[in-house]
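S.K.:
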Amino acid sequence: MDSEQYIFDSLHEECGVVGIAMDKQSDVAASAYFALYALQHRGQQSAGIAVNDDGVIKAHCDEGLVNDVFNENILAELGTGRMAIGHVRYSTTGYERRLNCQPMVVNHVKGSMAIAHNGNLTNDAELREELELAGSIFHATTDTEVIAYTVTKERLTASSIEEAISRAMDRLKGAYSIVVMSPRKLIAARDEHGFRPLCMGVFPKGGFAFASETCALDAMGAKYLRDVEPGEIVIVSDGKVESRREHCGKCKPSLCVFEYIYFARPDSYIEGCSVHAARKRAGAFLALEHPVQADVVIGVPDSGLDAALGFAQQSGIPYGVGFIKNKYIGRTFIVPVQSEREKGVRIKLNPVAETVKGKRVVLIDDSIVRGTTIARIVKLLRDAGATEVHVRSAAPKFLHPCYFGTDVPSCEELVACRYSDEELPEKLGVDSIGFLSIENAKLLAGNGRHDYCVGCFSGEYPCEPPKRKWENKYLKKISSNKED
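For the sequence shown, this note's numbering assigns the number 868 to the initial residue and increments by one for each residue that follows.
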């Protein structure tokens, strides 16, 4: 990173999706808007909504937060309809540019289609090259366009849009939870491993909805029905629901365990498990794995608070409010000058001296990535009078890259790769440090299931990593030996 880097080095997720199919003409744009607001934590770079009004698809997408992209006039222009899909984006593939905003709308000889995608393909480069050699012209740099063109290619000979999606799923590898809208149907599909979440809800007055998290269903007034299963294709047409399961059961389910640790909102349920309960369980496991004598337990807002509560309840050490978070600063807050970065941290987080002064503090964070943020936070606690600071991470050590939609940095940037267990406390300025074990991370859901993807911790992946990475050659400077 250059000097204009983020003051917080937390991980980011790929994005969030929503799909709505009502029994009658409704203000579906407004419903999608509320759902995207609930999913804003999953992506802050762009937002978009596409509305289907009797087969005519209109879309509005742009860079920025949901509130920046939409207003009353724009929502009114999208109009009413029976179907809509929406998307909030954080890029782990592609570049931050307006062309990469979703939903992506494709018009072809069989009609039109809008698609929104959460995840990361591992064979993006191979599919893109194959499509380009066959004459496809790409406008964006995201793998969502690869999915859209793969589905469109299959649609030319398939009997239906769902058949085209099923055929495309034979070609797609990696993580994808998608919602697709054709002139007459709304379709939701999830990759065979189920890396990224996707749930289904029902409206009391008729209609169905899909979303990355149940909190979005709540925001729309829909009742959670069930999760879309790994490999399943769910089709909503004329108020009826059909499920295709030819891709189900081909692989062991491998939901990303980091959904419970950090990505999802604590009020959501992921595959039937409360995220809040899972994070409290992580804190309780930490208290058992890494006990310590201390006076107060505090969490780093916001995603460390639930685990801190669990640690306190399990250990018997009192829980306290250790930081006040400035909620008026977005996650993209940067500090342009290195010397001012310490002030930048204090602007976003300020310690409550009354809680920590003269005390031995257990500090719970959701994860430790590069280590720069936690080191600055520890210094804030020391300056506020904490006599000891013991850090506990509600995630295992990050030791390997992620290929399925999480922007885990290279191993060279991961603090757990660069320093040994003995070196880490001195490097971070803490009295002790402890990480959640991989074994207990697999038990966070509390439902007896343990087949989660933990590749970024263990290096063992549910499917083959990408053979090569796609690079946008059109953004490179032209050399003298290149063709015209």
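Backbone N, C-alpha and C define an ideal beta-carbon position, used for all residues, glycine too.
Starting from residue 1091, trace the beta strand (DSSP E) in both directions and tell me its first and last residue.
M.R.: Here residue 1091 corresponds to residue number 224 of the sequence shown, with the count starting at 1. That run of the beta strand (DSSP E) goes 1090-1094.
S.K.: Determine the burial state of residue 1222: buried for a count of at least 16 other Cβ atoms within 10 Å of its Cβ, exposed for fewer.
M.R.: Position 355 of the sequence shown, counted from the first residue, corresponds to residue 1222. It is buried - the Cβ of residue 1222 has at least 16 other Cβ atoms within 10 Å.
S.K.: Based on DSSP bridge pairs, tell me the residues matched to residue 971.
M.R.: Taking the sequence shown and counting its residues from 1, one reaches residue 971 at position 104. Paired residues: 982.
S.K.: Would you kindly report the start and end of the unbroken alpha helix (DSSP H) that includes residue 1021?
M.R.: Along the sequence shown, read from residue 1 onward, the residue named residue 1021 stands at position 154. Element bounds for residue 1021: 1010-1022.
S.K.: Pick helix, strand or coil for residue 1143, following the three-state DSSP scheme.
M.R.: By 1-based counting over the sequence shown, the position of residue 1143 is 276. It is helical.
S.K.: Assign residue 1132 to buried or exposed, taking buried as 16 or more other Cβ atoms, counted over all protein chains shown, within 10 Å of its Cβ.
M.R.: Here residue 1132 corresponds to residue number 265 of the sequence shown, with the count starting at 1. Residue 1132 is buried by the Cβ-count criterion.
S.K.: Go ahead and pull the three-state DSSP assignment for residue 1234.
M.R.: In the sequence shown, residue 1234 corresponds to position 367, counting from 1. Residue 1234: coil per DSSP, three-state reduction.
S.K.: Between the segment 1062-1070 and the segment 1087-1094, do three or more beta carbon pairs fall short of 8 Å?
M.R.: At 8 Å Cβ cutoff, the stretches touch.
S.K.: Could I get the ranges of all uninterrupted beta strand (DSSP E) runs contained in the segment 1079-1141, with 3 residues as the minimum, in chain order?
M.R.: Listed in chain order, they are 1090-1094, 1100-1104 and 1107-1111.
S.K.: For residue 968 and residue 1288, I'd like the C-alpha separation in whole angstroms.
M.R.: Position 101 of the sequence shown, counted from the start, is the residue given in the question as residue 968. Position 421 of the sequence shown, counted from the start, is the residue given in the question as residue 1288. The straight-line gap from Cα to Cα measures roughly 42 Å.
S.K.: Have a look at 1127, 1037, 990 and 1004 and flag the residue whose alpha-carbon is nearest the alpha-carbon of residue 1117.
M.R.: Walking along the sequence shown from the start, residue 1117 turns up at place 250. Comparing Cα positions, the closest option is 1037.
S.K.: Consult DSSP for residue 1054 and reduce its assignment to one of helix, strand or coil.
M.R.: By 1-based counting over the sequence shown, the position of residue 1054 is 187. In this structure, residue 1054 counts as strand in the three-state DSSP scheme.
S.K.: Given this structure, state the Cα-to-Cα distance separating residue 993 from residue 1327, to the nearest angstrom.
M.R.: As a working note, residue 993 is residue 126 in the sequence shown. As a working note, residue 1327 is residue 460 in the sequence shown. Whole-angstrom Cα-Cα distance: 23 Å.
S.K.: I'd like the span of the alpha helix (DSSP H) that includes residue 949, first residue to last.
M.R.: Numbered from 1 along the sequence shown, position 82 holds the residue referred to as residue 949. No alpha helix (DSSP H) contains residue 949, which is instead part of the beta strand (DSSP E) from 948-956.
S.K.: Would you mind working out which of 1152, 1166 and 1112 sits nearest residue 1305, comparing C-alpha positions?
M.R.: Here residue 1305 corresponds to residue number 438 of the sequence shown, with the count starting at 1. When only C-alpha atoms are compared, the closest one is 1152.
S.K.: For residue 949 versus residue 885, is the C-beta spacing smaller than 9 Å?
M.R.: As a working note, residue 949 is residue 82 in the sequence shown. As a working note, residue 885 is residue 18 in the sequence shown. No, Cβ-Cβ distance for residue 949 and residue 885 is not below 9 Å.
S.K.: Using the beta-carbon count (16 or more within 10 Å), is residue 1279 buried or exposed?
M.R.: Your numbering for residue 1279 matches position 412 in the sequence shown. Under this definition residue 1279 is an exposed residue.
S.K.: Measuring CA to CA, which of 1311, 917 and 975 is closest to residue 1149?
M.R.: Along the sequence shown, one-based indexing puts residue 1149 at 282. The shortest C-alpha separation from residue 1149 is found at 1311.
S.K.: With a Cβ-Cβ cutoff of 9 Å, do residue 817 and residue 1014 count as a contact?
M.R.: In the structure displayed, the chain extends from 868 to 1351; residue 817 sits before or after that span and is not available.
S.K.: Thinking C-beta only, is residue 1043 closer than 9 Å to residue 1055?
M.R.: Numbered from its first residue, the sequence shown carries residue 1055 at position 188. Numbered from its first residue, the sequence shown carries residue 1043 at position 176. Going by C-beta atoms, residue 1055 is not nearer than 9 Å to residue 1043.
S.K.: To the nearest angstrom, report how far apart residue 1047 and residue 1078 are at their CA atoms.
M.R.: Counting from one through the sequence shown, the residue named residue 1047 turns up at place 180. Counting from one through the sequence shown, the residue named residue 1078 turns up at place 211. Taking the straight line joining both Cα atoms gives about 12 Å.
S.K.: Applying the criterion that 16 or more other CB atoms from any shown protein chain within 10 Å of the CB defines a buried residue, is residue 1138 buried or exposed?
M.R.: Along the sequence shown, one-based indexing puts residue 1138 at 271. Classification for residue 1138: buried.
S.K.: Could you work out which residue in 1215, 1329, 888 and 1322 is closest to residue 1101 when comparing CA atoms only?
M.R.: By 1-based counting over the sequence shown, the position of residue 1101 is 234. The shortest C-alpha separation from residue 1101 is found at 888.
S.K.: For residue 1316, name the three-state secondary structure that DSSP assigns.
M.R.: The count along the sequence shown starts at 1 and reaches residue 1316 at position 449. Note: residue 1316 maps to coil in three-state DSSP.
S.K.: DSSP on residue 896, reduced to helix/strand/coil?
M.R.: Indexing the sequence shown from 1 puts residue 896 at position 29. Helix at residue 896.
S.K.: Is residue 908 helix, strand or coil when you go by DSSP?
M.R.: Along the sequence shown, one-based indexing puts residue 908 at 41. Residue 908 falls in the helix class under three-state DSSP.
S.K.: Look at the alpha carbon of residue 1182 and the alpha carbon of residue 1127, and state the distance between them as a whole number of angstroms.
M.R.: For this step, residue 1182 is matched to residue 315 along the sequence shown. For this step, residue 1127 is matched to residue 260 along the sequence shown. Rounded to whole angstroms, residue 1182 to residue 1127 spans 22 Å at the Cα level.
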